[in-house]
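Asker: Residue numbers (the UniProt record's numbering): 1 to 233.
Every residue gets a Cβ at the ideal spot worked out from N, C-alpha and C, and that includes glycine.
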């Protein structure tokens, strides 16, 4: 799979420390350690689809409080080797459209999230934190992030993506089976369902337009499983 050079380059030509921006579309939304950044802007990228098709990596201990990012498989964060959890990744829309997505045959044009402007004196620390955290299947890309404010200019932001050619990418799955898998999985960082429900809540708070039906549908299914379990005692 190839990527267009303008928005998905994996070049190490990073933005200068004074303008280091990080785009978060998964658990970086809730919460990201507060002290390394001094701006948090809601907005979106285009050309991608967000899916729970990735397995995440183990959390590092660089910050006093750290959490993980779902459609990759998670053996450490929110699951075990026997029952790996799921985290989100971004998939290029052109590639996604060639797949049979059992969940949805359409997806919003905008993938909402947040951009963090990292303090210049913390850029190296944040990069180390993220590189360790995302080492299991994620790679560095850059994308033009469009802030929600109507008059704002796009921002070149770093984003970690689990591309389809990485070993942690699991691909499409029946939505009910995926919801049940997330509901059952748990790891050192806690239940996989907490990641899903936290992401669903965080997206709902960003903007009236920021909902993601893939995430919302999985969250509804997991909440129904919770209710059924509670009813069974």
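Would you mind giving the Cβ-Cβ distance between residue 50 and residue 23, rounded to the nearest angstrom? I have them listed as a contact below 8 Å.
Answerer: 12 Å between Cβ atoms; not a contact.
Asker: Which residues in the same chain as residue 61 place their Cβ atom closer than 6 Å to its Cβ, once the five residues preceding and following it in sequence are excluded?
Answerer: Low per-residue confidence applies at residue 61: pLDDT is 37, beneath 50, and the placement is therefore not dependable enough to give any value.
Asker: With DSSP run on the structure shown, which of helix, strand or coil describes residue 251?
Answerer: Within the shown structure, residues of the chain are numbered from 1 to 233, placing residue 251 beyond reach of any answer.
Asker: Assess contact between the region 111 to 127 and the region 203 to 217, defined as three or more Cβ pairs (one per stretch) separated by less than 8 Å. Is contact present?
Answerer: In short, these stretches touch, since the Cβ pair count reaches three.
Asker: Just verifying my parser: in three-state terms, what is the DSSP assignment at residue 95?
Answerer: helix
Asker: Cα-Cα, which of 121, 223 and 125 is closest to residue 176?
Answerer: Selection 121, 223 and 125 evaluated against residue 176 yields 223 as nearest (Cα-Cα).
Asker: If you draw a straight line from the alpha carbon of residue 118 to that of residue 179, how long is it in whole angstroms?
Answerer: 34 Å
Asker: With a threshold of 6 Å on Cβ separation, who are the neighbours of residue 159 within its own chain once the five nearest residues in sequence on each side are excluded?
Answerer: 23, 141 and 143
Asker: Can you confirm whether the region 147 to 166 touches the region 39 to 48 when touching is taken to mean that 3 or more C-beta pairs between the two stretches lie within less than 8 Å?
Answerer: yes
Asker: With 8 Å as the threshold, decide whether the Cβ of residue 205 is near any Cβ in chain C.
Answerer: Looking for chain C here will not work: only one protein chain is present.
Asker: Taking the straight line between their C-alpha atoms, what separation do you get for residue 212 and residue 124?
Answerer: 32 Å
Asker: Just to check my reading of the structure: residue 218 and residue 182 have Cβ atoms closer than 8 Å, yes? What is that Cβ distance to the nearest angstrom?
Answerer: 7 Å
Asker: Taking the beta carbon of residue 103 as the centre, do at least 16 other beta carbons fall within 10 Å, making it buried, or is it exposed?
Answerer: So residue 103 ends up on the buried side.
Asker: From which residue to which residue does the alpha helix (DSSP H) around residue 195 run?
Answerer: 192 to 206
Asker: Report the rounded CA-to-CA distance for residue 314 versus residue 137, giving the unit in angstroms.
Answerer: With the chain covering 1 to 233 only, the question about residue 314 has no answer from this structure.
Asker: Any idea what DSSP makes of residue 173, helix, strand or coil?
Answerer: coil
Asker: Compare the Cα-Cα distances from residue 201 to each of 20, 30, 162 and 19 and report the closest residue.
Answerer: 30
Asker: Helix, strand or coil for residue 214? Go by DSSP, reduced to three states.
Answerer: helix
Asker: How should residue 69 be labelled, buried or exposed, when 16 other C-beta atoms within 10 angstroms of its C-beta is the threshold for buried?
Answerer: Bear in mind that the predicted position of residue 69 carries a pLDDT of just 32, short of 50, making it too unreliable to give a figure here.
Asker: Quick check on DSSP: helix, strand or coil for residue 156?
Answerer: strand
Asker: With burial defined as no fewer than 16 other Cβ atoms inside 10 Å of the residue's Cβ, what is the status of residue 38: buried or exposed?
Answerer: Under this definition residue 38 is an exposed residue.
Asker: Do you know how far the Cα of residue 230 is from the Cα of residue 215?
Answerer: 22 Å
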